[in-house]
Amino acid sequence: MRFYTQQHKYYCGIDLHARSMYICILDQAGKNVFHKNVRSNPESFLAAIQPYREDVVVAVECMFVWYWLADLCHRESIPFVLGHALYMKAIHGGKTKNDKIDSKKIAVLLRGGTLPTAYVYPEGMRSTRDLLRRRNHLVHKRTELLAHVYNTKSQYNLPDFEKKLSIASHRKGLADRFPDPAVQKSMEVNLQLSELYDRLINDLELYIVRQAKGHNARSFHLLRSIPGIGKILSLIILYEAHDISRFDRVQDFVSYCRLVKCPRESGGKKFASKNSKIGNVHLKWAFSEAACLFLRDNEQAQSYHDRLVSKHGKGKALSILAHKIGRAVYFMLRRKEPSNMDTFFARA
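For the sequence shown, this note's numbering begins at 1 and goes up steadily by one.
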């Protein structure tokens, strides 16, 4: 957890929404010099903070409409802080909660140096990252359609399909397998939608790869040097991690990827973790997938995995392998060096 501790003359806390924003500005002594609800647009925001532009810092809670305000502050050379929503428990801990109270609490946390910060993803690569997330969403939707085809086949106890339906050419004539006309129509709808998703996903992948080569071609190719990490996983790691130098230690990176346990102790007693979900879910998925694919046609990796299974069990063995791959990725990107399997297993 990181806190914003720099000192300023004025501290601006904003409870930001799509159509309105409640602004609270405190001076160094903690006196409330501005506290008003205004429209969520650049003109209203700049007009509100104009008397305090001499030395003001702006903070908002991390939620889905902060992009425009961060970009505006960057263009206007105004310090901007993004509060980590899961760590800002003071916002939700009071008996009474409303926009006016929340904006003041953000300003108070900011002034006191106790505002936990989240990463303000720069504008340059942010839209491509969101497009990649959209591509992953479409893949999940396509999978749901194909899963419905498999489930319907099981409902009617029909023979198994000879080939995987994930490949478009294997779906020809599939609807004719079902005797009921209504079921056939349902399957045709699923298959037509799947074909549409295929075209959209392929088009998105081509576009995102071109963008990645323009944004950071070297890191993109370095990531692909690791067995098990292909085109899509490389893109996810590249865009979700963004700048590896923002992580001072490898422990910070693997924690952000949700690859480590979060111990909780008090008075010498250990408790179950409540915050294991804090981190980047996309990187967690990517490294979990990479651990499974790392074992494919890799005898050295399979031998290492078997030793882990005999010692820790299958589930924990894959988690350990994912953690090890995450550490390797961190040092690869920091040192600008391709993967080296001899070094990887020498430290096993």
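Cβ coordinates follow ideal geometry from the N, Cα and C atoms, glycine included.
Small disclaimer: the values here were computed from a predicted structure and weren't measured.
- With contact defined as three or more Cβ pairs closer than 8 Å, the region 256-265 and the region 278-298 are in contact.
- Under DSSP, the beta-bridge partners assigned to Arg264 are Phe271.
- Restricted to the region 56-91, the beta strand (DSSP E) segments that are unbroken, complete and at least 3 residues in length are 56-61 and 80-83, listed in chain order.
- Within its own chain, the residues whose Cβ lies closer than 7 Å to the Cβ of His84, once the five positions on either side in sequence are excluded, are Cys62, Pro116, Thr117 and Ala118, listed in chain order.
- Around the beta-carbon of Thr128, 16 or more other beta-carbon atoms lie within 10 Å, marking it buried.
- DSSP lists Arg39 as the beta-bridge partner residues of Ser20.
- Separation of Lys36 and Tyr22 (C-alpha to C-alpha, rounded to the nearest whole angstrom) is 6 Å.
- DSSP, read as helix, strand or coil, puts Val33 in strand.
- Val281 counts as exposed, since fewer than 16 other beta carbons sit within 10 angstroms of its beta carbon.
- Across the structure, Ile244 and Asn157 are spaced so that their CA atoms are roughly 51 Å apart.
- Note that the C-beta distance between His305 and Ala290 is not below 7 Å.
- Taking Gly214 as the centre and dropping the five residues before and after it, the same chain places no C-beta closer than 8 Å to its C-beta.
- Around Lys163, the same chain offers His170 as residues with beta carbons nearer than 8 Å, after the five sequence neighbours per side are excluded.
- When C-beta atoms of the region 198-212 are compared with those of the region 169-186, fewer than three pairs fall below 8 Å, so the two segments do not count as touching.
- Using a Cβ distance threshold of 7 Å, Leu238 and Leu132 do not count as a contacting pair.
- The closest CA to that of Glu54, considering only Arg2, Gly30, Pro79 and Asp99, is found on Pro79.
- If you check the CB distance, Asn190 and Val149 come in under 7 Å.
- When secondary structure is reduced to three states using DSSP, Tyr256 falls in the helix class.
- Setting aside the 5 residues that flank it on each side, Leu86 is surrounded in the same chain by Ile278, each with a C-beta closer than 7 Å to its C-beta; the list follows chain order.
- If you look at Ser310, you'll find it in the alpha helix (DSSP H) that goes Glu299 to His312.
- In this structure, Ser194 lies near Leu145, with their beta-carbon atoms less than 7 Å apart.
- Around Asp71, the same chain offers Glu123 as residues with beta carbons nearer than 6 Å, after the five sequence neighbours per side are excluded.
- The straight-line gap separating the alpha-carbon atoms of Phe34 and Leu26 is approximately 7 Å.
- Here Arg177 has Leu158 as same chain residues with Cβ atoms under 7 Å from its own Cβ, once five neighbours each way along the sequence are excluded.
- Between Val81 and Leu110, the beta carbon gap of about 7 Å places them in contact (Cβ cut-off 8 Å).
- DSSP lists Cys24 and Ala59 as the beta-bridge partner residues of Gly13.
- Each of Lys261, Ile201 and Ala241 was checked against the Cα of Arg126, and the nearest Cα belongs to Ala241.
- For Tyr52, the closest C-alpha among the options Cys24, Arg75 and Arg39 is that of Cys24.
- Spatial neighbours of Lys100 in its own chain (CB-CB distance under 6 Å, excluding positions within 5 residues in sequence) are listed in chain order as Tyr22.
- Residue environment: Pro227 is assigned as buried (16 or more neighbouring CB atoms within 10 Å of its CB, all protein chains considered).
- The Cβ atoms of Tyr197 and Val250 lie no closer than 7 Å to each other.
- DSSP, reduced to helix, strand and coil, places Pro116 within a strand of the structure shown.
- Around the Cβ of Ile167, a 10 Å sphere holds fewer than 16 other Cβ atoms; the residue is exposed.
- In the displayed model, Phe178 falls within coil according to three-state DSSP, outside both helix and strand.
- For Gln155, the enclosing alpha helix (DSSP H) begins and ends at Glu123 to Gln155.
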